[in-house]
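Residue numbers (my numbering): 17 to 253.
Glycine is no exception: its CB is placed at the ideal position from the N, C-alpha and C atoms.
If you're wondering where the values come from, they're calculated on a predicted model, not measured in any experiment.
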Amino acid sequence: MSRDPIRLVDLHEPPSPGAEFVRDLIRDQEGLQPPCGKMEELARTLGPILQANPPTTRPTSRLGVTAAAVATAVLIGGILWTTTNSAKDVQPVDASAQAHPIDRPSRPAERPLAMPAEVDGPPVATVSVDALPSAEVRKAPSVTPTALRCDDVTLVDGADTALRAGNPERALAAAREHEQRCPTGALVQERERIAIEALVQLGRIDQARARASAFEDRFPSSPHVGRIRQALERVPR
17 MSRDPIRLVD LHEPPSPGAE FVRDLIRDQE GLQPPCGKME ELARTLGPIL QANPPTTRPT
77 SRLGVTAAAV ATAVLIGGIL WTTTNSAKDV QPVDASAQAH PIDRPSRPAE RPLAMPAEVD
137 GPPVATVSVD ALPSAEVRKA PSVTPTALRC DDVTLVDGAD TALRAGNPER ALAAAREHEQ
197 RCPTGALVQE RERIAIEALV QLGRIDQARA RASAFEDRFP SSPHVGRIRQ ALERVPR
């Protein structure tokens, strides 16, 4: 007969409730395989404890053996339970879930705006161009060739030449022509002086004096005023 102590897992009737709990715990954990590296970690943890308490050939008491077994079983069970739960908590990541992006609902294509239907209205009456009234065209007033030319020097010089030549009628006619063509010419004073002297020579004294009075009222500071007065003073009263 072997003199080794009986293991808790081999006992059919454990000596105490605590030993029964440890036996059940050890049996549950026998089928579990600890992950790689956990056995080495367990050996490093239990090594100092086992070396500090070397086994004896005979336990001092059944209570001491039971307490040591309970402590060892609890420690082993705790490590295995933590390792198992940690492995269960880690959920494998489905590679297919990462490879395929999440399908997002596509937006419906925008429909083009419907154009309003053309409504056929009443036909527009057309009017012929020939039926339209013709616009009145105003003709510009005709301009005589004499109005286009206003040569003060030529007209006044011709009237003065005729007066000195003893032809007062021709001089008076040239003065009238200048008055028609150049009503606002630069030689208006010379023209009036020639016309007044021509009237004096023709004996039309009343017309000469009336024209001389109008000349002095219009040009009071003209140098021709003195010559016009001299021409009228030579006429006998």
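Q: Quick one: grab the DSSP three-state call for A181.
A: As a first step, residue 181 is located in the sequence shown; it is residue number 165 there, counting from the start. Coil, per DSSP.
**Q.** Sub-8 Å separation of L179 and R197 beta-carbons
**A.** Here residue 179 refers to the residue found at position 163 of the sequence shown. Here residue 197 refers to the residue found at position 181 of the sequence shown. No, these two residues do not count as a Cβ contact at 8 Å.
Q) Is the distance from the Cβ of E208 to the Cβ of R227 below 8 Å? A) Here residue 208 is taken as the residue at index 192 of the sequence shown, counted from 1. Here residue 227 is taken as the residue at index 211 of the sequence shown, counted from 1. In terms of Cβ geometry, E208 and R227 form a close pair [threshold 8 Å].
Q: Assuming I212 and I244 form a contact by the criterion Cβ under 8 Å, report the distance between their Cβ atoms to the nearest whole angstrom.
A: Stepping through the sequence shown from its first residue, residue 212 is reached at position 196. Stepping through the sequence shown from its first residue, residue 244 is reached at position 228. At roughly 5 Å, the Cβ-Cβ gap stays under 8 Å, so I212 and I244 are in contact.
**Q.** S9, DSSP secondary structure in three states
**A.** Within the shown structure, residues of the chain are numbered from 17 to 253, placing residue 9 beyond reach of any answer.
Q: Flag this pair as yes or no: are the beta carbons of D167 and L203 separated by less than 8 Å?
A: Taking the sequence shown and counting its residues from 1, the one referred to as residue 167 is at position 151. Taking the sequence shown and counting its residues from 1, the one referred to as residue 203 is at position 187. Not in contact: D167 and L203 (Cβ atoms no closer than 8 Å).
(Q) Measuring straight from C-alpha to C-alpha, what distance separates V251 and R165? (A) Translated into positions along the sequence shown, residue 251 becomes position 235. Translated into positions along the sequence shown, residue 165 becomes position 149. If you take the alpha carbons of V251 and R165, they lie about 37 Å apart.
Q) Under the rule that 16 or more other beta-carbon atoms within 10 Å means buried, what is A230, buried or exposed? A) By 1-based counting over the sequence shown, the position of residue 230 is 214. Label assigned to A230: exposed.
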